[in-house]
Amino acid sequence: MAGKVFFSVSMSLDGFVAPEERTDEPDAQRWTAQWRELQQWIFPQRYFRENLKLGEGGEEGRDNDIVRETFERTGASVMGKRMFDLGEQAWPEEAPFHTPVFVVTHEKRDPWERPGGTTFHFVNDGIESALDQAREAAGDLDVRISGGGATILEYVNAGLIDEFSIALSPVLFGTGIRLFEGVDADRIALEPVRAESSPRVTHLTYAVRER
Ligand SMILES: NC(=O)c1ccc[n+]([C@@H]2O[C@H](COP(=O)([O-])OP(=O)(O)OC[C@H]3O[C@@H](n4cnc5c(N)ncnc54)[C@H](OP(=O)(O)O)[C@@H]3O)[C@@H](O)[C@H]2O)c1
3 MAGKVFFSVS
13 MSLDGFVAPE
23 ERTDEPDAQR
33 WTAQWRELQQ
43 WIFPQRYFRE
53 NLKLGEGGEE
63 GRDNDIVRET
73 FERTGASVMG
83 KRMFDLGEQA
93 WPEEAPFHTP
103 VFVVTHEKRD
113 PWERPGGTTF
123 HFVNDGIESA
133 LDQAREAAGD
143 LDVRISGGGA
153 TILEYVNAGL
163 IDEFSIALSP
173 VLFGTGIRLF
183 EGVDADRIAL
193 EPVRAESSPR
203 VTHLTYAVRE
213 R
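Numbering (the numbering used here), first residue to last: 3 to 213.
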């Protein structure tokens, strides 16, 4: 049986999945500080720390279980080129996916194999092709649309997302990359699946239905 197609992101309370892009040095520091606030719930989690080689130990409560469950259900990922470009600089040599990853891009590039089971494939013929390849690679497991905002929105508007989870962080950005900017609201209906709260963050899960 084919798995689900889902995304799972951290979002600021005012709807942003990344701070505004900044280039010069003080602004780059501000970007990083805001990014850390957005992700403040995930950095202490044991599973996340192990996967990103951030060090031993960490928290083991429900937040940690959610990180682990999200990883374990994922048989392949799809991401946009901007997320890949940032990750290429930030991920450890053993990239944290351990599955095939399909990068939707205009750039032509040979597959990039990392130690530990992650291979990045660069897909130039659109989101449906990337998803087909990811489904094939994932087998019975789910496909995660990893991000960023632009790529997730393309999949939402194409009616290709079955379910999504948002870790709603207690932070306000004011500007940045808004997750649902440009959503085809006439097409998408949501059904609440689950809401779970921890002291750090609120996890919201929805099934996506066509109107
Ligand atoms: N909050 C979270 O949990 C979370 C999760 C993931 C990412 N993020 C953040 O999201 C940000 C990146 O998101 P983003 O919205 O700026 O960009 P993105 O979705 O990562 O990438 C967009 C780029 O992907 C390529 N692309 C997308 N669709 C395509 C298509 N149909 N055909 C060909 N190429 C296509 C294009 O790049 P080219 O034209 O250059 O190929 C496009 O400019 C980062 O700041 C990242 O940190 C946040």
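The C-beta atom is built at its ideal place from N, Cα and C for all residues, glycine as well.
Per-residue DSSP class, three states only, for residue i
| i | result |
| --- | --- |
| THR72 | helix |
| SER131 | helix |
| GLN36 | helix |
| ARG180 | strand |
| PRO194 | strand |
| GLN47 | strand |
| GLU212 | strand |
| GLU61 | strand |
| ALA78 | strand |
| ALA187 | coil |
| ALA4 | coil |
Proximity winner among the options, relative to residue i (alpha-carbon distances)
| i | options | result |
| --- | --- | --- |
| GLU39 | GLU58, VAL19, LYS55 and PRO28 | VAL19 |
| ARG75 | VAL195, ALA140, GLY57 and ILE190 | ALA140 |
| GLU165 | ALA209, THR107 and SER14 | ALA209 |
| ARG202 | ASN53, GLN135, GLY149 and ILE44 | ILE44 |
| THR101 | ASP67, PRO113 and THR153 | PRO113 |
| THR204 | HIS123, VAL173 and GLU90 | VAL173 |
| GLU109 | PHE175, ARG116, VAL103 and ASP127 | ASP127 |
| ILE154 | ARG137, ALA169, PHE175 and VAL185 | VAL185 |
| PHE182 | ASP26, ALA4 and ASN159 | ASN159 |
| PHE50 | ASP26, ILE168, ASP67 and ARG180 | ASP67 |
| ARG146 | LEU56, PHE73 and GLN31 | PHE73 |
| ALA152 | THR34, ARG32, TRP33 and ILE129 | ILE129 |
| GLY57 | LEU192, SER79, PRO94 and GLY89 | PRO94 |
Nearest-angstrom beta carbon gap, residue j and residue i [assumed within contact, 8 angstroms]
| i | j | result |
| --- | --- | --- |
| MET13 | SER131 | Actually they are not in contact, since the Cβ atoms of MET13 and SER131 sit about 28 angstroms apart, beyond 8 angstroms. |
| LYS83 | THR121 | With 8 angstroms as the limit, LYS83 and THR121 do not qualify as a contact, their Cβ atoms being about 16 angstroms apart. |
| GLN41 | GLY60 | Their Cβ separation, rounded to whole angstroms, is 14 angstroms, which puts GLN41 and GLY60 out of contact at 8 angstroms. |
| ARG70 | SER200 | Their Cβ separation, rounded to whole angstroms, is 14 angstroms, which puts ARG70 and SER200 out of contact at 8 angstroms. |
| LEU133 | GLY77 | No, LEU133 and GLY77 are not in contact; Cβ-Cβ is about 12 angstroms, not under 8 angstroms. |
Own chain partners of residue i with C-beta closer than 6 angstroms, once the 5 adjacent residues on each side are dropped
| i | result |
| --- | --- |
| ILE163 | VAL7, TYR157 and VAL210 |
| GLY118 | GLU96 and HIS100 |
| LEU54 | PRO98 |
Contacts around residue i, its chain only, beta-carbon distance under 7 angstroms, and the 5 residues preceding and following it disregarded
| i | result |
| --- | --- |
| GLY253 | This structure gives no information on residue 253, because the portion of the chain shown stretches from 3 to 213. |
| GLY161 | ARG189 and GLU212 |
| ARG111 | PHE124 |
| GLN36 | PRO21 and PHE175 |
| ARG32 | ARG24 |
| ARG116 | GLU95, GLU96 and ALA97 |
Residues near residue i by beta carbon distance below 8 angstroms, same chain, minus five either side
| i | result |
| --- | --- |
| VAL195 | GLU165, THR207, TYR208 and ALA209 |
| GLY149 | PHE9, VAL11, VAL19, MET81, GLY82 and MET85 |
Complete runs of the beta strand (DSSP E) confined to the segment 142 to 178 [at least 3 residues]: 144 to 149 and 165 to 171
Going residue by residue through the segment 88 to 119, where are the continuous beta strand (DSSP E) segments of at least 3 residues, counting only ones entirely within it? 102 to 106
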